[in-house]
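For the sequence shown, position 108 matches number 108 in UniProt numbering, and the numbering has no gaps at all.
Data block below; observations after.
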Amino acid sequence: MKQKKSKFITDKKSISKRKRDSPSDLWIPRVKIPHLTRRISQFKSLKCTLHFLLKKNRNRLHSLFAQPEKEKTLYQETELELVRFSFRPNAADWAELRLVARYYGVSICNFFVMLLTFDENINKGSAKSFWKDSKNQKFQNSEILLIQLISSKRNTLFFSIITGLNTFHGF
Numbered sequence: 001m002k003q004k005k006s007k008f009i010t011d012k013k014s015i016s017k018r019k020r021d022s023p024s025d026l027w028i029p030r031v032k033i034p035h036l037t038r039r040i041s042q043f044k045s046l047k048c049t050l051h052f053l054l055k056k057n058r059n060r061l062h063s064l065f066a067q068p069e070k071e072k073t074l075y076q077e078t079e080l081e082l083v084r085f086s087f088r089p090n091a092a093d094w095a096e097l098r099l100v101a102r103y104y105g106v107s108i109c110n111f112f113v114m115l116l117t118f119d120e121n122i123n124k125g126s127a128k129s130f131w132k133d134s135k136n137q138k139f140q141n142s143e144i145l146l147i148q149l150i151s152s153k154r155n156t157l158f159f160s161i162i163t164g165l166n167t168f169h170g171f
């Protein structure tokens, strides 16, 4: 009896490992590849880069993106010269990416590129091109924009309020 139980646990672990290690693809626009390659070399893998981008932005996603008004999924534009990156993501990170992308009404690849673009522009010290790249008309046509940032230790909260029709020219 003990031997059967041990075999069952081993089989269950190997099934779980297979599910967790299943390969996934991200389609990245050619213009974003230099920044992605820098991040991959910094974190040693695309798997770790994805984990970093999710962790870094987890507490501020709600202030960066508007909730979609439609149920339709927004995909990347076809003329972006997309390059395929295959990797084996952590199951929890992939599930979070998929869930958040669906919530905001964009594809998984599109959402990853949005996170990557935001990361790139934060490193440059400019968020202006992020808003332009995201093509989020709800934000671009708004007169008041509230950006909220919660520190990773959850001990500091920052707010930025930007007003006016030309809100995004002030960054």
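Quick reminder that beta carbons are idealized off the backbone N, C-alpha and C, glycines included.
Query                                                                                                                                                      : Result
What residue range does the alpha helix (DSSP H) around S41 cover?                                                                                         : I33 to F43
Using a Cβ-Cβ cut-off of 7 Å (strictly less than) and excluding sequence neighbours within five positions of H35, which residues of its own chain qualify? : L116 and E120
To which residues of the same chain is V83 closer than 8 Å at the C-beta, ignoring the five residues directly before and after it?                         : W27, I28, P29, R30 and I33
Where in the region 39 to 110 do unbroken runs of the beta strand (DSSP E), each at least 3 residues long, occur, reported from the N-terminal end onward? : 82 to 87
Would F111 pass as a contact of A101 if the rule is Cβ separation under 8 Å?                                                                               : yes
Buried or exposed, going by whether 16 or more other CB atoms sit within 10 Å of the CB of L99?                                                            : exposed
Can you say whether R39 is buried or exposed, counting buried as having 16 or more other CB atoms within 10 angstroms of its CB?                           : buried
Taking S86 as the reference, give the member of F43, N123 and K47 with the closest Cα.                                                                     : K47
Per DSSP, what are the beta-bridge partners of P29 in this structure?                                                                                      : L82
So which of G105, P89, R60 and V113 has the shortest CA-CA distance to S45?                                                                                : P89
Starting from the Cα of C109, find the closest Cα among L50, F43, Q42 and T37 and give me that residue.                                                    : L50
Figure out for me which residue from S22, Y103, M114 and K55 has the closest Cα to the Cα of E69.                                                          : Y103
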